[in-house]
Amino acid sequence: MYKHILVPTDGSALSDKAVAAAIQLAKLAGARLTAFHAVEPYPLQGAYAAEASGVAELQPEIFAERSEEYAKRVLDAVASAAAAANVQCATHSASSRSASQAIIEMARKENCDLIVMASHGRRGLEGFLLGSETQKVLTHSSIPVLVYR
Ligand SMILES: Nc1ncnc2c1ncn2[C@@H]1O[C@H](COP(=O)(O)OP(=O)(O)OP(=O)(O)O)[C@@H](O)[C@H]1O
Ligand SMILES: [Mg+2]
């Protein structure tokens with residue numbers, strides 16, 4: 004039924020669980036996967052925030068380098084887990100101030116027919132029913148979304 008599953012990940016423990024579930028589902032359905040990580044661009048108010056908190060500001064180049072390294076590490080882990088399960092998996096990252104918008108755009112661009120993502124992510128404020136990115140994807144997606152808890 005589902006042939007191409009998009010699995011967005013922020014690298015959090017809960018995302019990892021959703022990734023594992025997406026791999027199993029893809030295996031059962033004979034689907035392929037696209038793993039996606041949205042890289043946050045350099046914070047607009049980075050300099051002010053750093054000054055206010057007294058924490059040294061991360062240079063934009065170093066920030067970009069670390070974000071790219073993080074994206075690669077997170078996506079490589081999905082690719083290896085998928086390969087171990089014999090599931091075809093492509094990986095993509097894109098820079099965006101809105102992870103949810105980037106997720107929806109990626110699903111459209113890659114013609115995915117299902118998005119599998121976790122209810123929460125790195126911030127994981129359990130008091131909220133859903134993380135803000137998951138909530139926005141559910142609101143704006145035109146394809147089915149499976150929310151993993
Ligand atoms: N940068 C990102 N790239 C790809 N997927 C993401 C990204 N951020 C979040 N997600 C996806 O959304 C899921 C839920 O994360 P979300 O950001 O909504 O919750 P949160 O981090 O707990 O809370 P907050 O709303 O404060 O960010 C993650 O498990 C992941 O699947
Ligand atoms: Mg988040």
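At position 113 of the sequence shown (counting the first as 1) the number is 116 in this note's numbering, and the numbers step up by one without a gap.
Just so it is clear, CB atoms sit at the ideal spot from N, CA and C, and this is done for glycine as well.
Since this is a predicted model, take the numbers as computed values, not measurements.
Indicate whether Ala82 and Ala38 have their beta-carbon atoms separated by less than 8 Å. yes
Extent of the continuous alpha helix (DSSP H) to which Pro63 belongs: Pro63 to Ala87
Say the cut is 7 Å; is the CB of Glu71 nearer than that to a heavy atom of ligand 2? no
Beta-carbon contacts of Leu78 that lie in its chain and below 7 Å, excluding the five residues immediately before and after: Ala38, His40, Thr94 and Ser96
Over the uninterrupted beta strand (DSSP E) stretch that includes His95, give me the two end residues. Cys92 to Ser98
Which residues neighbour ligand 2 when neighbourhood means a C-beta less than 6 Å away from any of its non-hydrogen atoms? List them by chain order. Asp13, Gly124, Arg125, Arg126, Gly134 and Glu136
Given this structure, state the Cα-to-Cα distance separating Gln62 from Glu129, to the nearest angstrom. 32 Å
Is it buried or exposed, Leu33, if we count other Cβ atoms within 10 angstroms and call 16 or more buried? The identity of residue 33 in the sequence shown is Gly, whereas the question assumes Leu. When all chains shown are included, Gly33 counts as exposed.
Among Phe131, Ala86, Gly124 and Ser101, nearest to His143 - alpha-carbon criterion: Ser101
Anyone know if the C-beta pair for Thr137 and Met120 falls short of 8 Å? yes
Cβ-heavy atom distance, His143 to ligand 1, below 7 Å: no
Thinking Leu36 and Gln91 are a contact (beta carbons under 8 Å), I'd like their distance in whole angstroms, please. 7 Å
Kindly indicate which residue of Asn114, Ala86, Asp116 and Val140 has the alpha-carbon position closest to the one of Ser122. Val140
Where do the N-terminal and C-terminal ends of the beta strand (DSSP E) with Met120 fall, by residue? Leu117 to Ala121
Quick one: using the 10 Å Cβ neighbour count with 16 as the cut-off for buried, is Ser2 buried or exposed? Lying before the first or after the last residue shown, residue 2 is absent from the chain, which here runs from 4 to 152.
Cβ of Ile26 within 8 Å of Cβ of Ala84? yes
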